[in-house]
Structures are given as C-alpha cells and as structure tokens.
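See structure below.
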Amino acid sequence: MNGVHDMGGMHGFGPIIPEADEPIWHAPWEARMYALARSAGIPGMRQQIERMPPADYLRSSYYEKWLYALVENAIRLGVVTREEVETGKPDPSSPKGTPTLLADQVEDVMNRGRLSTRAVERQPAFQPDDMVRTRNIHPVTHTRLPRFARDKPGIITLLHGAHVYPDSVAQGQGENPQPLYTVEFRARDLWGEAANPRDTVRIDLWEDYLEPA
Amino acid sequence: MSSHDHDHEHEHSVLPGDAALRVKALESLLVEKGLVDPAALDAIIEYYEHKVGPRNGARVVARAWVDPTYKSRLLTDATAAIAELGFSGAQGEHMVVVENTPETHNVVVCTLCSCYPWPVLGLPPAWYKSAAYRARSVIEPRAVLSEFGLELPDDVAVRVWDSTAEIRYMVLPERPAGTEAMTEELLAELVTRDSMIGVARVAAP
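Here it is as structure tokens:
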C-alpha cells in the first residue's frame, strides 16, 4: 500500500539525531512490549503497523506502534476481545490458553530464528548482471517494493534463492515462495541528475516485482 | 478515551492513554488468559540485554581483519561465518556482509520498516528507526553521512542497501591504519556499532 511507512525519498523530517550512550529500552514498558510481541506468537505485526492511520503512525513512538499492532491483531484473530483489552480482565467464559513460548525455550527459539527460504521448483528468471525493470504497480495491500523504486531500470547483483513472498502471505494467499534478488539502481535513475553518478541503491526484490529490461 | 467506537476509518486517534499502563494491562490480560508465560518475557528481555549487541558484530569484524580465510567465508556466506563465532537467530537468519573499500562505501537502511541484524548488532538505535534516517538515506546519503561526521569525497561511490526482505546486512568497515600490531581482542574494541551500519568509519586508536 502507498502508506506513510514507505518513507524512502520523503522530505521534511529534519536532521538525524543520534543519542549518545542510548539505552536498549527508554522505559521498562518498552522492554515488556517488545517481549510480549515476541512471545505472543501473533503474526502480521508489520502489516498491521502499516495500516495505522498516517497521522498516528507519524506521531507514535516505535513501541507504541507495536502496542497498537499487537492489540489489533490479537482482536482480529479472536485471541482477545476489545472489551477484554479495555477492562484488562479476561471474559470469564473464555477458555484458558497455553503459552506459545515458555521461559526455558526462549534462548533456543531466539538463537534459531525462522528461515524465510523455501525449496522450490521454479527456476530464477534472472541471473546476476541481467538488466531488469521494476513493475509499475500500486497494490493496496502489503508490498516490499518501495514507491521510489517502481518503474525503474536496475541490474541484478545477487540471487538469494527462493524466499516466502510477503505480499502473498499478507493477503492470506499462502507463501508463494519465489526467487529473491538484490537489484542495483543508479542513484541518478531514482533521483535525477542531482545525484552523484557513482552512487547506487541496492534493494532486495522478489521476482514478481521485476520484468526483463 | 474509553468510549471510542473502534472504527479505524474515523478520524480520532487510535492511541489513547498511557502506553506504560496499557502495556501492563495487556500483559496481565494475556498472562491471565494463559497465552503468555511471564517468565518467558523476562527471559526475552534478558537475552536482548545481555546475549546480543554490537559487541558480537565487532568480534566478527575483528576476526575478518586478522584472518583472510575467515573474511573470505564471511563475504561469501555470512550466516555460516557468523555462526562460527556463535551468533545466529531471529533477524539474522539470512546474513550478508558487505565490505567497505577505499572506492566504495556501504551504508544500510530499512526505508519501509526497521529491519536490522539483531544477532550481530542487537536492537537498533532510535535514529535508525527514525523517519528522518529512513526517508533521507536513499535520496541524500552523503548529507546523512555528513551529519554523522563522515565526509566522503565525490570519487568514493556510496552504495545504500535498503533491506526490504529478510536478508539482513552488516558492513565490514575498513581496518584503520596503524593497527597492524593489535590483537584481535583489541581490534574488536575499536569497532563501533555505527561503523557496522555504515554511518561511520572505524577511527584509528
């Protein structure tokens, strides 16, 4: 979706302000929020964050966005009701659940992560050094093709094998794993003649975003 | 704030109230419903406070500086080379390490989100997740680097990596001159988080 999260190339956000000796969390609730989201096992956090109303997205802190997304997803999936969230009390008639993650599993689960690669029959349509063009598409659903890189010429620089296609997962249409590439764009093709001719932007793009050039 | 009608098409804020209180209420709700083990939350926080962080990435960089065969493995299969030092897991399942040279300077961003290689760098700093960094890094990387104090001459190519997929990128910074006699352990102490994101160089000691 052409959301406010798709920020590449926007103006007006001011300088970057690094914080000296920044702590991992700025308040204890941020740590609890992070851990809640990691342990609750509720998918689709990122897509839900992108669906935040734009003004809220821009004025929310990072973990406020996580809070919003976890609550909305948990309600949508029927894990909790909105009334339970507002009262903080479980509905007495709701069944008792089972935690998806126990304390003694944490280190192993964190160390392992989750692969997004899949074995597929589909052969890659492109190879390194092939010229491609990104498609001029504007899906209203989740996509990883940033607006600034649509309908642009690029060159394949890396092939990463087949990865789960998030655009498809977000629509409940299955993993649709397919070749993932790193595509290099000349900064001048993206931003015009003001860019340094040596500069490039490399973006990871799934095959469905690409056409032969 | 409690009377809103939950229709997100309408105009009022979807973020009522105090986040700290709301997170606390959400945690107790999920615990009472049996969906979350509170000890698991403690363990996750402990893990990200003590097991991961930029010291891990610094060890990878220092090893690559002193061991050319390790560096070669790191640049061809970063996930496996990083796992050799014991680092792996969430948001680092598919690692790529890119090398800075006198000709090419690499810098990493996630314009759509906040993707970052947790096993080697820990959780990202706030500036990495900020709208300013996400918006500007791709369109004016030299101005961004200059705000971090890194002025690059025009003849050094800037290569920006926008991590849109599940590949996570770490920069292998250039080893500073004058460090030939230093041990791997001392070299690791020179390596900063920012140098592995690509917004800084490693300073000579």
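Here the protein sequences come in this chain order: A and B.
Residues 488 to 700, numbered by this note's numbering, are exactly what the first sequence covers, in order.
Residues 7 to 211, numbered by this note's numbering, are exactly what the second sequence covers, in order.
Cβ coordinates follow ideal geometry from the N, Cα and C atoms, glycine included.
Check whether residue i and residue j have beta carbons under 8 Å apart
i, j, result
"residue 139 of chain B", "residue 597 of chain A", "no"
"residue 99 of chain B", "residue 172 of chain B", "yes"
"residue 35 of chain B", "residue 572 of chain A", "yes"
"residue 165 of chain B", "residue 546 of chain A", "no"
"residue 648 of chain A", "residue 667 of chain A", "yes"
"residue 613 of chain A", "residue 619 of chain A", "yes"
"residue 563 of chain A", "residue 33 of chain B", "no"
"residue 490 of chain A", "residue 541 of chain A", "yes"
"residue 194 of chain B", "residue 86 of chain B", "no"
"residue 43 of chain B", "residue 588 of chain A", "yes"
"residue 133 of chain B", "residue 504 of chain A", "yes"
"residue 631 of chain A", "residue 665 of chain A", "no"
"residue 635 of chain A", "residue 115 of chain B", "no"
"residue 646 of chain A", "residue 626 of chain A", "no"
"residue 58 of chain B", "residue 204 of chain B", "no"
"residue 200 of chain B", "residue 209 of chain B", "no"
"residue 69 of chain B", "residue 91 of chain B", "yes"
"residue 163 of chain B", "residue 117 of chain B", "no"
"residue 37 of chain B", "residue 190 of chain B", "no"
"residue 567 of chain A", "residue 50 of chain B", "no"
Contacts of residue i in chain B (Cβ-Cβ under 9 Å)
i, result
"residue 585 of chain A", "40 and 41"
"residue 581 of chain A", "39"
"residue 695 of chain A", "In chain order: nothing, as chain B lies at least about 13 Å away."
"residue 604 of chain A", "99, 100 and 172"
Euclidean distance between Cα positions of residue i and residue j
i, j, result
"residue 704 of chain A", "residue 150 of chain B", "The first residue shown for chain A is 488 and the last is 700, placing residue 704 of chain A beyond what the model contains."
"residue 127 of chain B", "residue 602 of chain A", "19 Å"
"residue 574 of chain A", "residue 662 of chain A", "37 Å"
"residue 26 of chain B", "residue 495 of chain A", "31 Å"
"residue 512 of chain A", "residue 187 of chain B", "37 Å"
"residue 522 of chain A", "residue 584 of chain A", "18 Å"
"residue 551 of chain A", "residue 120 of chain B", "14 Å"
"residue 657 of chain A", "residue 211 of chain B", "48 Å"
"residue 66 of chain B", "residue 506 of chain A", "25 Å"
"residue 559 of chain A", "residue 30 of chain B", "16 Å"
"residue 528 of chain A", "residue 75 of chain B", "39 Å"
"residue 122 of chain B", "residue 177 of chain B", "12 Å"
"residue 633 of chain A", "residue 582 of chain A", "42 Å"
"residue 683 of chain A", "residue 621 of chain A", "22 Å"
"residue 154 of chain B", "residue 544 of chain A", "26 Å"
"residue 532 of chain A", "residue 556 of chain A", "6 Å"
"residue 650 of chain A", "residue 184 of chain B", "43 Å"
"residue 147 of chain B", "residue 675 of chain A", "13 Å"
"residue 655 of chain A", "residue 565 of chain A", "22 Å"
"residue 84 of chain B", "residue 169 of chain B", "16 Å"
"residue 39 of chain B", "residue 561 of chain A", "12 Å"
"residue 548 of chain A", "residue 56 of chain B", "24 Å"
"residue 679 of chain A", "residue 576 of chain A", "56 Å"
"residue 102 of chain B", "residue 160 of chain B", "26 Å"
"residue 454 of chain A", "residue 579 of chain A", "The structure shown does not extend to residue 454 of chain A, since chain A is modelled only from 488 through 700, so no value can be given for it."
"residue 644 of chain A", "residue 157 of chain B", "27 Å"
Simplified DSSP state of residue i, which is helix, strand or coil
i, result
"residue 12 of chain B", "With a pLDDT of 42 at residue 12 of chain B, under the threshold of 50, the modelled position of that residue is not reliable, and the figure given next carries that caveat. Reduced to three states, the DSSP call for residue 12 of chain B is coil."
"residue 692 of chain A", "strand"
"residue 599 of chain A", "helix"
"residue 635 of chain A", "helix"
"residue 604 of chain A", "strand"
"residue 609 of chain A", "coil"
"residue 665 of chain A", "strand"
"residue 520 of chain A", "helix"
"residue 202 of chain B", "helix"
"residue 506 of chain A", "coil"
"residue 589 of chain A", "coil"
"residue 618 of chain A", "strand"
7 Å Cβ cut-off: residues of chain A touching residue i
i, result
"residue 71 of chain B", "Result: empty, since nearest Cβ-Cβ is about 24 Å, beyond 7 Å."
"residue 204 of chain B", "Result: empty, since nearest Cβ-Cβ is about 12 Å, beyond 7 Å."
"residue 28 of chain B", "554"
Closer than 8 Å at the beta carbon, the chain A residues around residue i
i, result
"residue 160 of chain B", "683 and 685"
"residue 88 of chain B", "In chain order: nothing, as chain A lies at least about 12 Å away."
"residue 196 of chain B", "Result: empty, since nearest Cβ-Cβ is about 18 Å, beyond 8 Å."
Distance cut-off 7 Å: residue i Cβ against heavy atoms of the ligand ATP
i, result
"residue 494 of chain A", "Summarising the ligand content, the structure contains no ligands, and the ligand ATP is consequently not present."
Amino acids of chain B, ordered along the chain, whose beta-carbon sits closer than 8 Å to that of residue i
i, result
"residue 526 of chain A", "42, 43, 46, 47 and 50"
"residue 488 of chain A", "The premise fails here: residue 488 of chain A is roughly 11 Å from chain B at the closest Cβ pair, so nothing lies under 8 Å."
"residue 432 of chain A", "Residue 432 of chain A is absent from the model: chain A starts at 488 and stops at 700."
Residue i: contacting residues in chain B (beta-carbon distance under 7 Å)
i, result
"residue 631 of chain A", "118, 170 and 171"
"residue 501 of chain A", "138"
"residue 722 of chain A", "With chain A covering 488 to 700 only, the question about residue 722 of chain A has no answer from this structure."
"residue 577 of chain A", "35, 38 and 39"
"residue 690 of chain A", "168 and 170"
Partners in chain A for residue i, counting only beta-carbon separations shorter than 9 Å
i, result
"residue 55 of chain B", "511, 512 and 518"
"residue 94 of chain B", "598, 599 and 600"
Which residues, in chain order, does the region 128-142 of chain B contribute to contact with chain D at a C-beta distance below 8 Å? In summary, chain D is missing from the structure at hand, where the protein chains are A and B.
Complete runs of the beta strand (DSSP E) confined to the region 122-172 of chain B [at least 3 residues]: 163-168
List, from N- to C-terminal side, the beta strand (DSSP E) runs of 3 residues or more that fit wholly inside the region 63-126 of chain B. 100-105 and 110-115
Run through the region 553-584 of chain A for me and flag every whole alpha helix (DSSP H) of 4 or more residues, listed as ranges in chain order. 569-574
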